[in-house]
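K.L.:
I'd like to ask you about the structure that follows.
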Amino acid sequence: RVSSTRRGPALRPPPGGRGLKAGPLRVEETRMGEVQAADPELRRVRAQYERSFRAGETIFEPGDPARELYIVQAGEVDVLRPTGSGTRPVDRVRPGEFFGEMSVVLGGRRSVRAVAVSDARVLEIDRETFQAMCLDRPEIALRVIERLTVRVLQLEERMGTLAVTELIRSVVGYLIDSAAPEGDDHRVDTSLRDIAAGSGLSMLDAHRAVQELIDLKLVRLENDLLRVPDLEALRRYPDEAVSYTHLTLPT
4 RVSSTRRGPA LRPPPGGRGL KAGPLRVEET RMGEVQAADP ELRRVRAQYE
54 RSFRAGETIF EPGDPARELY IVQAGEVDVL RPTGSGTRPV DRVRPGEFFG
104 EMSVVLGGRR SVRAVAVSDA RVLEIDRETF QAMCLDRPEI ALRVIERLTV
154 RVLQLEERMG TLAVTELIRS VVGYLIDSAA PEGDDHRVDT SLRDIAAGSG
204 LSMLDAHRAV QELIDLKLVR LENDLLRVPD LEALRRYPDE AVSYTHLTLP
254 T
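Numbered per our numbering, the sequence shown spans residues 4 to 254.
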């Protein structure tokens, strides 16, 4: 399915040693991925296990076994999440950066697709070698932890946004049911208390949702009445917001 200009086994520990630490081999790096050879043997290992992908070539697909972490040496790689209508970008990985780290830590199967944006060279490192590298060079483990921490914070932020969107969904349903055509738009003759009761929300949550809709210009407040300029746009908003604020899980 995936053709590479250079194939072979993933980078694995040589017999009798632990990954890149075995024998006289050492990895010197200013950033993870900017791997420089400390001796000819390490250059040989890089040449043997480095993978090359052409622009547009798939590195892995959703559902593939997650056995390796990838470090970009040259070029760029897009990480894409499948959706009902195609794919959605999750991340663009550049030289010195890595992807697939969560899957190689936890195992299982890939949840995203990785595709070379341009001609790219990557190091493909299996789980055992990655663990050995982290033991040998704690700064590598720290960098992975930093990246995963950022992803967790982003995920928490998106979950918070999704929680607000679900509040809005309840209010939107009530407003649409209560809206009456008037001129070029629709009017909703109601109160915040009625919106809260009709949406099954507290007064505070109902106020928060209505204010968000006002800020988005999906509704407007005129003389104690709510007006909806575009009923279909209001109807579509919750689903569009969820699609845009999709939860991006690690690779």
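Here a beta-carbon is modelled for each residue, glycine too, at the ideal position from N, C-alpha and C.
No experiment lies behind these values; they were computed from the predicted model shown.
Apart from the five residues on each side of it in sequence, which residues of its chain come closer than 7 Å, Cβ to Cβ, to R130?
P.N.:
Excluding positions up to five away in sequence, the list reads R70 and V107.
K.L.:
Drop a sphere of 10 angstroms on the beta-carbon of A236, count the other beta-carbons inside from all chains shown, and report buried for 16 or more, exposed for fewer.
P.N.:
By the 10 Å Cβ count, A236 comes out exposed.
K.L.:
Measuring alpha carbon to alpha carbon, tell me which of P184, L170 and L178 ends up nearest A1.
P.N.:
The shown model of the chain, from 4 to 254, leaves out residue 1, and the question about it has no answer.
K.L.:
Would you mind reading off the limits of the alpha helix (DSSP H) that contains E131?
P.N.:
R130 to D139 is the extent of the alpha helix (DSSP H) around E131.
K.L.:
In whole angstroms, what is the alpha-carbon distance linking R97 and V153?
P.N.:
Rounded to whole angstroms, R97 to V153 spans 17 Å at the Cα level.
K.L.:
Checking the sheet assignment: what are the DSSP bridge partners for L228?
P.N.:
Paired residue(s): E225.
K.L.:
With a CB to CB cut of under 7 Å and the five nearest residues on each side skipped, what residues in its chain are close to Y177?
P.N.:
For Y177, where only same-chain residues beyond five positions count, the Cβ hits under 7 Å are I198, G201 and S202.
K.L.:
Indicate the three-state DSSP secondary structure (helix, strand or coil) for E79 in the structure shown.
P.N.:
If DSSP states are grouped into helix, strand and coil, E79 belongs with coil.
K.L.:
Exposed or buried, Y240, counting other C-beta atoms within 10 Å across all chains shown (16 or more means buried)?
P.N.:
The residue is buried, with at least 16 neighbouring Cβ atoms inside 10 Å.
K.L.:
For L237, does the three-state DSSP call read helix, strand or coil?
P.N.:
Reduced to three states, the DSSP call for L237 is helix.
K.L.:
Can you tell me where the alpha helix (DSSP H) with A199 in it begins and where it stops?
P.N.:
Its alpha helix (DSSP H) spans residues L195 to S202.
K.L.:
Please name the residue in M105, E53, D192 and I217 whose C-alpha comes closest to that of R124.
P.N.:
For R124, the nearest C-alpha among the options comes from E53.
K.L.:
Go to R211, then tell me how far its alpha helix (DSSP H) extends in each direction, as first and last residue.
P.N.:
That run of the alpha helix (DSSP H) goes M206 to D218.
K.L.:
How is G176 classed by DSSP in three states: helix, strand or coil?
P.N.:
In this structure, G176 counts as helix in the three-state DSSP scheme.
K.L.:
Just confirm the distance between the C-beta atoms of P92 and D81, as a whole number of angstroms; I'd bet it's less than 8 Å.
P.N.:
Indeed, because the Cβ distance is near 6 Å, the residues count as touching under 8 Å.
K.L.:
At a cut-off of 6 Å, would you count L204 as near the ligand ZN, judging by its Cβ distance to the nearest heavy atom?
P.N.:
Because no ligand of any kind appears in the structure shown, any question about the ligand ZN cannot be addressed here.
K.L.:
Taking the C-alpha atoms as reference points, what is the distance between K24 and E149?
P.N.:
Residue placement at K24 is flagged as unreliable, the pLDDT there being 39, under the threshold of 50; the coordinate-derived value follows with that caveat. Whole-angstrom Cα-Cα distance: 23 Å.
K.L.:
Just mark E243 as buried or exposed, buried being the case when its beta carbon has 16 or more other beta carbons within 10 Å.
P.N.:
It is exposed - the Cβ of E243 has fewer than 16 other Cβ atoms within 10 Å.
K.L.:
Quick one: is A135 buried, meaning 16 or more other Cβ sit within 10 Å of its Cβ, or exposed?
P.N.:
Looking at its Cβ environment, which holds 16 or more other Cβ atoms inside 10 Å, A135 is buried.
K.L.:
Counting C-beta neighbours from all protein chains within 10 Å, is the total for S173 16 or more, i.e. buried, or is it exposed?
P.N.:
S173 comes out buried.
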